[in-house]
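So the structure is just underneath, and the comments pick up after that.
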Amino acid sequence: MQKKTVLVTGSTSGIGLAVAREMAREGFRTILTGRRKALLRETVENFLRLGHEVRGIPADLAEPGEAERLFAETLDWTGGRLDVLVNNAGTWQQSPVEEITREDFRSLMSLNLEAPFILSGLAMRTMKRQRSGTIVNISSVAGLEAWAQTSLYSASKFGLRALTQSLLAEGSRFGIKAFAVCPGYVATPMTAGARVSPEDMIQPEDVARLVMAHLALSPATVLKDIVISRLGAED
Ligand SMILES: NC(=O)c1ccc[n+]([C@@H]2O[C@H](COP(=O)([O-])OP(=O)(O)OC[C@H]3O[C@@H](n4cnc5c(N)ncnc54)[C@H](OP(=O)(O)O)[C@@H]3O)[C@@H](O)[C@H]2O)c1
């Protein structure tokens, strides 16, 4: 049987790296990607040392045309197949609404929402042809609720959940699943310096385990939003 393939965006760090590690361990042929080429190379080497089948494709997903190139190079390597897409790469921004410029809006949305839209559209074509596949969108608790100064980030993460719901509605009759993961604070470089200490945060490996658990469900079962909270947290 052909090995399954997965593309995880933002897989050189944090949640994406943990998900990619778990999937490679499960035997997936794994495509890793991020902007920093040296870090990507080092990550690929670490995976290869563990005997995983892996390919690194650098891409800046905030730039026009990069999602399309990444997807095309992914299919070149997999022979046209993609079983799982994990839209994970994202960035965080915090400011009052009146201080958000058009440039801030475009810059955050291009990575957090536009790239997942483009990659999901391309993945849907491939997955419809295969009549199987799963798209995982890493949203956030900020995709369920917005707070002071989180409007832009929350808008992108709410949007990702809207995309997920439509992907599921459009994909289900082709055997395609989509689900969103909505964690609170996760201990990654993104939250370094946050008011919560890393040991009191969700661990990236917890997110990875939940993604894997979902992938192991029977074909007719889907979880719509996986909300992951810190014990005792209100965020
Ligand atoms: N940490 C949390 O508390 C938390 C909670 C809920 C949701 N999330 C979401 O989870 C996702 C991952 O977050 P994380 O905390 O794991 O972040 P992280 O540790 O900072 O990792 C981000 C990853 O994305 C890549 N990346 C960043 N900008 C990129 C770009 N323009 N093009 C391509 N790749 C890019 C980074 O590599 P390069 O820098 O080399 O490009 C890195 O591999 C994000 O969508 C975030 O919003 C995080």
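Going by my numbering, the letters in the sequence shown line up with residues 3 to 237, in that order. We treat Cβ as the ideally placed atom computed from N, Cα and C, and that holds for glycine. Owing to the predicted nature of the structure, the values given are computational and were not obtained by experimental measurement.
Span separating the alpha-carbon of E44 from that of P191: By 1-based counting over the sequence shown, the position of residue 44 is 42. By 1-based counting over the sequence shown, the position of residue 191 is 189. Within the model, the alpha-carbon separation for E44 versus P191 is close to 17 Å.
With respect to the beta strand (DSSP E) encompassing P185, which residues constitute its N-terminal and C-terminal limits? Taking the first residue of the sequence shown as 1, we reach residue 185 at position 183. Run containing P185: 178 to 185, per the beta strand (DSSP E) assignment.
With the cut-off set at 8 Å, would you say A182 and G145 are in Cβ contact? Position 180 of the sequence shown, counting from 1, holds the residue named residue 182. Position 143 of the sequence shown, counting from 1, holds the residue named residue 145. Cβ distance < 8 Å, so A182 and G145 count as in contact.
Check whether the Cβ atoms of L219 and I230 lie closer than 8 Å to each other. Start at 1 with the first residue of the sequence shown, and residue 219 comes out as number 217. Start at 1 with the first residue of the sequence shown, and residue 230 comes out as number 228. No. Outside cutoff.
For I102, does the three-state DSSP call read helix, strand or coil? The count along the sequence shown starts at 1 and reaches residue 102 at position 100. Here I102 sits in coil by DSSP.
What are the boundary residues of the alpha helix (DSSP H) that includes N188? Position 186 of the sequence shown, counting from 1, holds the residue named residue 188. Rather than Asn, the amino acid found at residue 188 in this sequence is Val. Counting along the chain, V188 sits inside no alpha helix (DSSP H), nor does DSSP assign it H or E at all.
Below 6 Å CB to CB, which residues in the same chain sit around K39 once its five sequence neighbours on both sides are set aside? As a position in the sequence shown, residue 39 is number 37, starting the count at 1. Result list for K39: P60, in chain order.
Could you give the residue range of the beta strand (DSSP E) that holds I59? By 1-based counting over the sequence shown, the position of residue 59 is 57. Taken as a continuous stretch (DSSP letters only), I59 belongs to no beta strand (DSSP E), as it is neither H nor E.
Enumerate in chain order the residues of its own chain whose CB-to-CB distance from R37 is below 6 Å, with the five nearest sequence positions on each side excluded. Here residue 37 refers to the residue found at position 35 when the sequence shown is read from its first residue. Cβ contact annotation for R37 (same chain, cutoff 6 Å, sequence separation greater than five): D62, in chain order.
In angstroms with no decimal places, state the Cα-to-Cα distance between S134 and I178. Sequence index remark: in the sequence shown, residue 134 carries index 132 (1-based). Sequence index remark: in the sequence shown, residue 178 carries index 176 (1-based). Each residue's alpha carbon lies about 5 Å from the other.
Short Cβ contact (8 Å threshold) for V99 with L170: Here residue 99 is taken as the residue at index 97 of the sequence shown, counted from 1. Here residue 170 is taken as the residue at index 168 of the sequence shown, counted from 1. Cβ atoms of V99 and L170: not closer than 8 Å.
So what's V138 in DSSP terms, helix, strand or just coil? Residue numbering aside, residue 138 sits at position 136 when the sequence shown is read from its first letter. In the structure shown, V138 adopts extended strand secondary structure according to DSSP, grouped into three states.
So, for T93: in the same chain, excluding its five sequence neighbours on each side, which residues have a beta-carbon less than 7 Å away from its beta-carbon? Taking the sequence shown and counting its residues from 1, the one referred to as residue 93 is at position 91. Within the same chain, T93 has close Cβ partners L110, L113, N114.
For D208, the first and last residue of its enclosing alpha helix (DSSP H): Here residue 208 corresponds to residue number 206 of the sequence shown, with the count starting at 1. Looking at the DSSP string, the run of the alpha helix (DSSP H) that includes D208 is 206 to 217.
Could you tell me whether the Cβ atoms of T11 and V86 are closer together than 8 Å? On the sequence shown, position 9 is the one that residue 11 refers to. On the sequence shown, position 84 is the one that residue 86 refers to. Judged by beta-carbon spacing, V86 lies beyond the 8 Å limit of T11, meaning their Cβ atoms are not closer than that value.
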